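So the sequence lines, in the order shown, correspond to chains A and B. Using my numbering, the letters of the first sequence map in sequence onto residues 1332 to 1571. Using my numbering, the letters of the second sequence map in sequence onto residues 160 to 452.
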Amino acid sequence: MNNDRCLTLTDLQVDYGGIHAVKGISIEVPRGKIVTLIGSNGAGKSTTLRTIAGVVKASAGSIEFEGTQLIGKNPDDIVSMGITLVPEGRRVFANLTVLENLKIGAYIHSHKLDDDLERIYGLFPRLKERDWQLAGTLSGGEQQMLAVGRALMSRPKLLMMDEPSLGLAPLIVKDIFDIIRTINKEGITVLLIEQNANHALKIADWAYVMETGTITMQGSGEELLAKDSIKEAYLGKKKQ
Amino acid sequence: MSGITLLQHGLTGISLGGAYALIAIGYTMVYGILRLINFAHGDIFMMAGYFMIFAVASMPWYLAIPLVMFLTVLLGVTIERVAYKPLRSAPRMSIMISAIGVSYLLQNLATYLFTALPRGYPEIPFLKKSFHVGELSASLVTLITPFLTILLTFLLMSLINHTKLGMAMRAVSKDYETSQLMGIKINRVISATFAIGSLLAFVGSVLYFTDRMTVFPFSGTLPGLKCFVAAVLGGIGSIPGAVIGGFILGIGETALVALGYSTFSDAFTFAILIVMLLFRPTGLFGEKVTDKV
């Protein structure tokens, strides 16, 4: 049983910016699956991911990754263990070229990057065409692809994504979700935060609904998609 | 003014400018990565002068140089660890005030330990050797300074543009948190930045003090301020900018002295600062701030 658990949060609490942002949540992410965390703005979703990544400190509870406690570890240790976060708003390094952005994604590694780069360029051919450009000159969708490519360069076991569809055109959103599926099929576990609940629930194996710092509901993606309360709150559909 | 005198002054100006440039790089690099004006930088430069005096008194200069280089780097990195690192998430003003505090601390420490009387800077034999080309004569240090400055700038630029550390420095200067998410140990990158800045301040101090011949506890104040102006003039955050700013100030000052207006040579520097801040606050080569929402 323990074997197919990738990440386990137990009663995690986080105070952030003077606010009790996460009030004791427990989440389980099985290996090789896509798990999504949906909820409105300010529910504490981003704080949860940033706490797992080590850039925000937890105030209580536990985060276990493959049997190792993550609380108290530095962000660079956590990246080295195989967890990478694609931050909200892409946050590509605008002053670095596309190629440098990808290389810096593999900062923790000292091996040759040629194969990894080929793999990323296979997923995102647009990045190869533009590898000499400064990342700041890319369009929003291209920057999101770069942010995902950069994260994959670290060869993560668990990829966490914070609102990858934010501010992108619908067609590009579809591309992004296709990519998430592809990445997952290659064996990478995905923990995804989305406000675009419809898309997220469709690809998720398991989903949690988060409201003001607590988990209020969980179930398989399909189950939650069918629930009236979810439809009303997150999918913009009125009860008949 | 005869051609020879002109050449002589030109050489002095370029040489002074080179020393300024090396110190200005320290300001600009620290600003680039921490958005901090490291007011203690001029005093690190002064301390490097004292270290050299004591080192040369007890060992040959070729051993003293690497030792003092190491001590200066250690001082710069320690200051960052002790006075700036604990304030990493504090408002920018706090860390700036801490820098001013460190500056006064070093000046008073130097006064206390070494007294306020100027001390003679040791002569490094090969730097003091004078040479003559026709009627032109100067010490070797005057000739070496600009070349050494350009060489070091070139090495530094290749470090920043073509190495993994340099890439990390550029990333950290743009975005701390995302750099951490890439697995970059930002504290190490910041330490490396201070180490490089202090190393260049050491080289600057050897070149500057060999020419000036004495060191006293406030030796770093005015050159420090001037080099800060040089960094602003070039566009703070830009390394080539700092170098060019340093040369402009060094040459400008020397030109005023040569023309008989030596009283105004310091005023010239600060007049440039005011004019620059009024008309082109981002400096000659400063990065334009483009916020994409």
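Cβ atoms here follow ideal geometry from the backbone N, Cα and C, with glycine treated the same way. Note that the structure is a prediction, hence the values are computed from the model and not measured.
Which residue wins for smallest C-alpha separation from A:V1540, given the options A:D1509, A:H1351 and A:T1367?
A:T1367
Judging by CA-CA distance, which residue of B:L264, B:V227 and B:M228 is the nearest neighbour of B:V241?
B:L264
Excluding the 5 residues flanking A:G1457 on each side, which residues of the same chain have their C-beta closer than 8 Å to its C-beta?
Here residue 1457 of chain A is Arg; the residue named in the question, Gly, does not match the sequence. Once the five neighbours on either side are set aside, the close Cβ partners of A:R1457 are E1473 and M1476.
How would you list, in chain order, the residues of chain B whose beta-carbon sits under 9 Å from the beta-carbon of A:E1431?
M326, R329 and A330
Please report the straight-line C-alpha distance between A:V1345 and A:N1405, rounded to a whole angstrom.
16 Å
Using DSSP bridges, identify the partner residues of A:W1537.
A:V1366
Please list, in chain order, the residues of the stretch 1400 to 1417 of chain A that have any C-beta partner in chain B closer than 9 Å.
N1405, P1406, D1407, D1408, I1409, V1410, S1411, T1415, L1416 and V1417
Beta-carbon within less than 8 Å of B:G285's beta-carbon, same chain only, minus the 5 sequence neighbours each way: which residues are those?
Inspection of the sequence shows that residue 285 of chain B is occupied by Phe rather than by Gly. Hits under 8 Å: L299.
Please report whether the beta-carbon of B:T453 lies at a distance below 8 Å from any beta-carbon of chain A.
This structure cannot settle anything about residue 453 of chain B, because the visible part of chain B is limited to 160 through 452.
If you draw a straight line from the alpha carbon of B:D370 to that of B:E239, how long is it in whole angstroms?
29 Å
Under 8 Å between beta-carbons, which chain A residues line up against B:I343? List them in chain order, please.
D1407, I1435 and Y1438
Per DSSP, A:Q1344 forms a beta bridge with which residues?
A:K1354 and A:A1391
Other residues of its chain near B:P305: CB distance less than 7 Å, five sequence neighbours each side excluded:
I173, S174 and G177
Counted within 10 angstroms of its Cβ, other Cβ atoms place B:I461 as buried (16 or more) or exposed:
Summary: the structure shown does not reach residue 461 of chain B, with chain B confined to residues 160 through 452, and so no result is reported for it.
What's the C-alpha gap between B:T187 and B:V331?
15 Å
Decide yes or no for the touch test of the stretch 376 to 388 of chain B against the stretch 191 to 201 of chain B: beta carbon pairs closer than 8 Å, at least 3 of them.
yes
Looking at chain A, is there any beta carbon in it that lies within less than 8 Å of the beta carbon of B:P333?
Reading the sequence as shown, one finds Lys at residue 333 of chain B and not Pro. True, the Cβ-Cβ gap to chain A drops below 8 Å.
Could you check where the alpha helix (DSSP H) with B:L408 kicks off and where it finishes?
I398 to A417
Between A:M1412, A:A1531, A:Y1347 and A:G1544, which lies nearest to A:S1357 when the distance is taken from Cα to Cα?
A:G1544
How far does the beta strand (DSSP E) with A:G1305 in it reach, from first residue to last?
Nothing can be reported for residue 1305 of chain A, as the shown portion of chain A is limited to 1332 through 1571.
Any C-beta of chain A under 8 Å from that of B:T441:
no
Please go through the stretch 1408 to 1475 of chain A and give each complete beta strand (DSSP E) segment of 3 or more residues, from N-terminal end onward.
1414 to 1417
Beta carbon of B:A360, beta carbon of B:L324: below 8 Å?
no
What in chain A is Cβ-close to B:L302, meaning under 9 Å?
Within chain A, no residue comes near B:L302; the closest Cβ sits about 37 Å away, beyond 9 Å.
Element boundaries [alpha helix (DSSP H), containing A:V1521]
That residue, A:V1521, is in no alpha helix (DSSP H); its beta strand (DSSP E) goes T1520 to E1525.
If you run the structure through DSSP and keep just helix, strand and coil, what is B:D334?
coil
Decide yes or no for the touch test of the stretch 1411 to 1427 of chain A against the stretch 1368 to 1375 of chain A: beta carbon pairs closer than 8 Å, at least 3 of them.
no
Would DSSP call A:M1492 helix, strand or coil?
strand
Check B:A453 in the structure and name its three-state DSSP category.
Any question about residue 453 of chain B goes unanswered here, given that chain B covers just 160 to 452.
If you count every other CB in all the chains shown that lies within 10 Å of the CB of A:D1335, and 16 or more means buried, which is it?
exposed
Classify B:Y209: buried if its beta carbon has 16 or more other beta carbons within 10 angstroms, exposed otherwise.
buried
If I follow the unbroken alpha helix (DSSP H) through B:F290, where does it start and stop?
Where B:F290 is concerned, there is no enclosing alpha helix (DSSP H), although the beta strand (DSSP E) it sits in stretches over S289 to V292.
Residues near B:T171 in its chain [Cβ-Cβ closer than 7 Å; skip 5 each side]
T301 and T413
Backbone CA spacing between A:H1440 and A:S1485 [nearest angstrom]:
7 Å
If you draw a straight line from the alpha carbon of A:T1520 to that of A:P1361, how long is it in whole angstroms?
8 Å
Is B:G162 near B:G356, with beta carbons less than 8 Å apart?
no
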